[in-house]
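Protein chains in written order, with the UniProt record's numbering: chain A, 1 to 653; chain B, 1 to 122.
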Amino acid sequence: MSGQDPVAIFRIEARDLLEQVELDLLTLAERQDDRETIDAVFRSLHTLKGSGAMFGFDALAAFTHHCETAFDRVRKGEVAASPALISAVLAARDHMRALAEGEPTEPGVEEALLDDLRRAVDGAGAAPVSTPPSAKTWRVRFSLPPETFVNGGRPLPLLDELRDLGPCEVTAVTDGVPAVEDLNPTDCRLAWDVVVTTEQPRSAIEDVFIFVIDDMTLDITEVVDEPAAQAVAEVVPDAKVAAIEPPKAANSDAPPAEGRPRVAEMLRVPAERLDELMDRVGELVIAQSRLKQVAASSSDQNLMTVSEQIEQLASELREIMMVVRMVPVGQLFGRFRRLIHDLAIETGKTINFATDGETTELDKTIIERLADPLVHLIRNAADHGLETPEQRKASGKPETGHILLAARQSGAEVVITITDDGRGVDRARVRAKAEENGLIQPGQVLTDNELLQLIFAPGFSTATAVTNLSGRGVGMDVVKKTIEGLRGAIEITSTPGQGSVVSLRIPLTLAIIDGLLVRVGASRYVIPLSSVEECVELPVEQDLRSAGRSLVTLRDQLVPFIRLRQMFNTGQEPDPHQKIVVVSTGQERVGLVVDQILGDHQTVIKPLSPFHAAVGAFSGATILGDGGVALILDIGCLVAAGQRPDAQLRAAG
Amino acid sequence: MSASILTVDDSASLRQAIKIALTGEGYAVSEAPDGQAGVSAADAGDFQLIITDLNMPVMDGLTMIRTLRGKPKHAGVPIIFLTTESDADIKAQAKAAGATGWLTKPFNPDQLITVVKKVLAK
């Protein structure tokens, strides 16, 4: 980390701290008296303020100070962590984030947030968060021991600190200075008489001298305005100074809160460096497959051994690289607790939100791109899926609706499910809407699954009234597109009256995949191995028989297939022994007819140029060992095409 | 030989700022993210000065100072703590725990260097 700009580090730190604050606040919303969490919130705010001030984030530091003060009072048990207070600090947190990120903030926002905070702290909203005590004037007389200078002591910082407390009038008392012939210049013979006006308590003045007090003389008296009283020069006793509380050792010794992992062993690396490294690993894999070809065509035993070793190493390196880029999805899931908190308030529904499988890991890039689709799906579940407490009660369900967000790894994929126990998808309404939008013919016979899939059709929306929550112009079709852009798949199942389950199947990584290399005509193509179910022969007689209808029977199931040779217009005669590669996206499967299966291939995915991005059937390209290029087939697109046989021509065109 | 300094703070940006300022002056700077890690680092190393935050997870600064002062090896090592103005009477506690001095946040590198030189000169 050395050499990095502390300000840049602070920005990342602020983001982490604020994320932690949000999670802790949401925990507090459930467990008001959780001491450890209260301490954690205070500590995070405190660090944010302190470090923010260090690096010039003055507005952030000043604003955070108010929240810190509020939480200090919670910590001391003076104020309860009420739902109102938590909501106020959550809103304030968002503002802090904007300040930390340097985003523009609207004028007046800060005042409004602080007003909310004050109201939350004081209940009725009378007194401000911290009542500044009225300023008092103190007379401070002090002298330091003669050997102060020799010991490295300096009076000036003390005076500076006094000045920090408030307006100061400093007079040097020269009574103790001897005549010049007796003066030892290294002795400290001066004394000082300071009149300071400050809102701080007397203890703050004493604090200034805390590390020199043992050897010095110090006299602090309050200056009262009336001259008569001044004559008495009474030292006002300060209860706070008299009873210096012993440190709350028991409390501060508390072990770290469970579930909050120690960060000591972690190392932060900028994502770009990882991307660079990944890129190089990709190049290495390509170079290695060239080496493998060269070695295979030579008879040099040594070269072949080295080539095999390098292949092994490259494969291991690739696996390590992928693990390095993996982060637990819990980080992403945590954000949705806030969303649910806000949704519950907006919809008036009681929502119980649970997450499962937070430790499941995914490539960091994928996690970031999953955030928006998941927000949309969770909004949908809360807004359209769950019923109001009254409706639930009427249909004999518990008033609290449940939403479960779960993740688990399944082979080279991570499956994320959003489950709600709401009303389920209203089939009749979906059908009516689809007919209205011309997506299907009136009265068209559809399977239940086909009907549900209509939800993902472009321009489809079942919300009769566009609410603030779901109707943001983003439909399920955009969600589906995003997921497919990650080479993933989305499915929905739904039971009327019992709820819906939306499942996302996401590949573990985007950069390098295991692929099946096939040949169609003269060109080679890569099929992602994770979508391949099986490979079967296409017998010549079946090929001829099924010329009209492209269907093959696999263990008593009809599977539609696509002749890639036709689709890609190779213009060549097919090989006598064509193969069908059966691929699936979970629920649906389709066969791809190829001329030859060449074998598995570590595929480094290179994106297509923007010019080719519109070509639906391909998701990318890769460089082969001999320097040739193979296109990577977009399975989602091909399966969709195969399921609609009439659409084949369109896709081919 | 230039002095070795241990900086203990949960804020990575602050540690980095301290490190940059002090390595620029030729000091060797080690870091620890909390009190417990600070004690381990101090036990394992040989430091002429420890600079610590007070408010930290796992083990706070006061406990760390007390723990260090309880060990003969660290009885004489100067310890400077970092604090903000809101830590009203915490200075008293820190002194009682055995701290040598403090520095108020925010501070600039020059202030830090001045204090460090002063403490090391003693």
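Beta carbons: idealized from backbone N, C-alpha and C, even for Gly.
Quiz item: With 16 as the cutoff for other CB atoms within 10 Å, does Glu-101 (chain A) come out buried or exposed?
Solution: Against the first sequence, residue 101 (chain A) aligns to sequence position 101. Counting of Cβ neighbours within 10 angstroms places Glu-101 (chain A) among the exposed residues, the total staying below 16.
Quiz prompt | Min CB distance Ile-20 (chain B) to chain A below 8 angstroms | solution = Indexing the second sequence from 1 puts residue 20 (chain B) at position 20. Look at Ile-20 (chain B): its C-beta is under 8 angstroms from a C-beta on chain A.
Quiz item: Can you list, in chain order, the residues of its chain whose CB lies under 6 angstroms from that of Leu-551 (chain A), leaving out five sequence neighbours each side?
Solution: Along the first sequence, read from residue 1 onward, the residue named residue 551 (chain A) stands at position 551. For Leu-551 (chain A), where only same-chain residues beyond five positions count, the Cβ hits under 6 angstroms are Leu-558 and Pro-560.
Quiz item: Since Ala-457 (chain A) contacts Asp-426 (chain A) with CB under 8 angstroms, what's their CB separation in whole angstroms?
Solution: Against the first sequence, residue 457 (chain A) aligns to sequence position 457. Against the first sequence, residue 426 (chain A) aligns to sequence position 426. About 16 angstroms separates the two Cβ atoms, so there is no contact after all.
Quiz prompt | Proximal chain B residues relative to Lys-349 (chain A), where beta-carbon distance stays under 9 angstroms | solution = Residue 349 (chain A) sits at position 349 when you count from the first residue of the first sequence. Within 9 angstroms Cβ-Cβ: nothing; Lys-349 (chain A) doesn't reach chain B, min ~36 angstroms.
Quiz item: Do the segment 73-83 of chain A and the segment 23-41 of chain A meet, that is, are 3 or more Cβ pairs less than 8 angstroms apart?
Solution: Under the Cβ criterion (8 angstroms, minimum of three pairs), the segment 73-83 of chain A counts as touching the segment 23-41 of chain A.
Quiz item: How many angstroms separate the CA atom of Thr-47 (chain A) from the CA atom of Val-590 (chain A)?
Solution: As a first step, residue 47 (chain A) must be located in the first sequence, where it is residue number 47. As a first step, residue 590 (chain A) must be located in the first sequence, where it is residue number 590. Each residue's alpha carbon lies about 56 angstroms from the other.
Self-check item: Three-state secondary structure (DSSP) of Asn-55 (chain B)
Solution: The sequence position of residue 55 (chain B) within the second sequence is 55, counting from 1. Reduced to three states, the DSSP call for Asn-55 (chain B) is coil.
Quiz prompt | Pair within 8 angstroms by beta-carbon distance, Thr-355 (chain A) and Leu-277 (chain A) | solution = What you label residue 355 (chain A) is simply residue 355 of the first sequence in a count that begins at 1. What you label residue 277 (chain A) is simply residue 277 of the first sequence in a count that begins at 1. Cβ distance not < 8 angstroms, so Thr-355 (chain A) and Leu-277 (chain A) don't count as in contact.
Quiz item: With DSSP run on the structure shown, which of helix, strand or coil describes Cys-637 (chain A)?
Solution: The residue labelled residue 637 (chain A) in the question sits at position 637 within the first sequence. DSSP, reduced to helix, strand and coil, places Cys-637 (chain A) within a helical segment of the structure shown.
Quiz item: Out of curiosity, what's the CA-to-CA distance linking Gly-385 (chain A) and Glu-103 (chain A)?
Solution: Counting from one through the first sequence, the residue named residue 385 (chain A) turns up at place 385. Counting from one through the first sequence, the residue named residue 103 (chain A) turns up at place 103. If you take the alpha carbons of Gly-385 (chain A) and Glu-103 (chain A), they lie about 34 angstroms apart.
Quiz item: Under 7 angstroms Cβ-Cβ, which residues of chain B neighbour Gly-166 (chain A)?
Solution: Residue 166 (chain A) sits at position 166 when you count from the first residue of the first sequence. The premise fails here: Gly-166 (chain A) is roughly 12 angstroms from chain B at the closest Cβ pair, so nothing lies under 7 angstroms.
Quiz item: Going by DSSP, what residues sit across from Leu-82 (chain B) in a beta bridge?
Solution: By one-based count along the second sequence, residue 82 (chain B) stands at place 82. In the DSSP secondary-structure assignment, Leu-82 (chain B) is bridged to B:Asp-53 and B:Leu-103.
Practice problem: Determine which residues of the segment 43-72 of chain B have a Cβ less than 7 angstroms from any Cβ of chain A, and write them out in chain order. | Solution: Cβ contacts with chain A come from Asn-55, Pro-57, Val-58, Asp-60, Leu-62 and Thr-63.
Exercise. State the DSSP-derived secondary structure class of Val-224 (chain A), mapped to helix, strand or coil.
Key: To locate residue 224 (chain A), count along the first sequence from 1; it is residue 224. In this structure, Val-224 (chain A) counts as coil in the three-state DSSP scheme.
Exercise. Give a yes or no on whether the minimum CB-CB distance between Leu-103 (chain B) and chain A is below 8 angstroms.
Key: Indexing the second sequence from 1 puts residue 103 (chain B) at position 103. Not closer than 8 angstroms to any Cβ of chain A, the Cβ of Leu-103 (chain B) fails to qualify, so no.
Quiz item: Would you say Phe-10 (chain A) reaches chain B, if we count a Cβ-Cβ gap shorter than 8 angstroms as a contact?
Solution: Here residue 10 (chain A) corresponds to residue number 10 of the first sequence, with the count starting at 1. By this cut-off, Phe-10 (chain A) is an interface position.
Exercise. Name the two residues that bound the continuous beta strand (DSSP E) containing Ala-617 (chain A).
Key: Looking up residue 617 (chain A) in the first sequence gives position 617. Taken as a continuous stretch (DSSP letters only), Ala-617 (chain A) belongs to no beta strand (DSSP E), as it is neither H nor E.
Exercise. Grab me the residues of His-95 (chain A)'s own chain with a C-beta within less than 8 angstroms of its C-beta, minus the 5 sequence neighbours each way, in chain order.
Key: Start at 1 with the first residue of the first sequence, and residue 95 (chain A) comes out as number 95. The beta carbon of His-95 (chain A) sits closer than 8 angstroms to the beta carbons of Phe-63, Thr-105, Val-109, Glu-110 and Leu-113 from its chain, once the five residues preceding and following it are set aside; these are given in chain order.
Quiz item: Looking at C-beta atoms only, is the number of pairs between the segment 347-354 of chain A and the segment 385-400 of chain A that lie closer than 8 angstroms three or more?
Solution: Of all C-beta pairs linking the segment 347-354 of chain A to the segment 385-400 of chain A, three or more are shorter than 8 angstroms, placing the two stretches in contact.
Quiz item: Just checking, does the segment 88-98 of chain B make contact with the segment 51-66 of chain B on the three C-beta pairs under 8 angstroms criterion?
Solution: Touching, yes.
Practice problem: For the beta strand (DSSP E) holding Met-326 (chain A), just list the boundary residues, first then last. | Solution: Looking up residue 326 (chain A) in the first sequence gives position 326. Looking at the DSSP string, the run of the beta strand (DSSP E) that includes Met-326 (chain A) is 326-328.
Quiz item: How many whole angstroms separate the CB atoms of Arg-524 (chain A) and Leu-598 (chain A), which I take to be in contact at a CB cut-off of 8 angstroms?
Solution: In the first sequence, the residue the question calls residue 524 (chain A) occupies position 524. In the first sequence, the residue the question calls residue 598 (chain A) occupies position 598. With a beta-carbon spacing of about 7 angstroms, Arg-524 (chain A) and Leu-598 (chain A) fall inside the 8 angstroms limit used to define contacts.
Quiz item: Is there contact here, the segment 11-26 of chain B with the segment 617-628 of chain A, by at least three beta-carbon pairs under 8 angstroms?
Solution: With fewer than three CB-CB distances shorter than 8 angstroms, the segment 11-26 of chain B does not count as touching the segment 617-628 of chain A.
Quiz item: If the cut is a Cβ gap below 9 angstroms, which residues of chain B does Gly-77 (chain A) touch?
Solution: Here residue 77 (chain A) refers to the residue found at position 77 of the first sequence. Per Cβ cutoff of 9 angstroms: no residues; Gly-77 (chain A) is ~17 angstroms from chain B at best.
Quiz item: Mind checking Arg-280 (chain A): buried by the 16 CB within 10 Å criterion, or exposed?
Solution: As a working mapping, residue 280 (chain A) is identified with position 280 in the first sequence. By the 10 Å Cβ count, Arg-280 (chain A) comes out exposed.
Self-check item: Continuous alpha helix (DSSP H) assignments of at least 4 residues falling wholly in the segment 519-600 of chain A
Solution: The segment 519-600 of chain A contains these whole alpha helix (DSSP H) runs: 540-545 and 564-567.
Exercise. Specify the secondary structure class of Gln-93 (chain B) as computed by DSSP and reduced to three states.
Key: Position 93 of the second sequence, counting from 1, holds the residue named residue 93 (chain B). If DSSP states are grouped into helix, strand and coil, Gln-93 (chain B) belongs with the helices.
Quiz prompt | Cutoff 6 angstroms; reference Val-8 (chain B); Cβ partners in own chain excluding five residues on either side | solution = Numbered from its first residue, the second sequence carries residue 8 (chain B) at position 8. Answer for Val-8 (chain B): Ala-32, Gly-38 and Thr-52, listed in chain order.
Exercise. Output yes or no for whether 8 angstroms exceeds the beta carbon distance between Ser-494 (chain A) and Ser-500 (chain A).
Key: For the purposes of this step, residue 494 (chain A) is identified with residue 494 of the first sequence, where counting begins at 1. For the purposes of this step, residue 500 (chain A) is identified with residue 500 of the first sequence, where counting begins at 1. The answer is yes: Cβ separation under 8 angstroms.
Exercise. For Lys-397 (chain A), count neighbouring Cβ atoms within 10 angstroms of its own Cβ and tell me buried if that reaches 16, exposed if not.
Key: Working through the first sequence from its first residue, we reach residue 397 (chain A) at position 397. Buried, since its Cβ has 16 or more Cβ neighbours within 10 Å.
Quiz item: Run through DSSP, which three-state label would Ser-609 (chain A) get?
Solution: Translated into positions along the first sequence, residue 609 (chain A) becomes position 609. Three-state result, Ser-609 (chain A): coil.
Quiz item: For a contact meaning CB atoms closer than 7 angstroms, what does Asp-10 (chain B) contact in chain A?
Solution: Walking along the second sequence from the start, residue 10 (chain B) turns up at place 10. What Asp-10 (chain B) touches in chain A: Thr-47.
Practice problem: Would you check if the segment 115-122 of chain A and the segment 63-73 of chain A touch, i.e. whether three or more CB-CB distances between them fall below 8 angstroms? | Solution: Result yes; three or more Cβ-Cβ pairs closer than 8 angstroms.
Quiz item: Which residue comes first and which comes last in the beta strand (DSSP E) that contains Thr-495 (chain A)?
Solution: The residue you call residue 495 (chain A) lines up with position 495 of the first sequence. 489-495 is the span of the beta strand (DSSP E), which, as asked, contains Thr-495 (chain A).
Self-check item: residue 656 (chain A), buried or exposed, once every other Cβ within 10 Å from all chains shown has been counted against 16
Solution: Limits of chain A in this structure are 1 at one end and 653 at the other, which puts residue 656 (chain A) out of reach.
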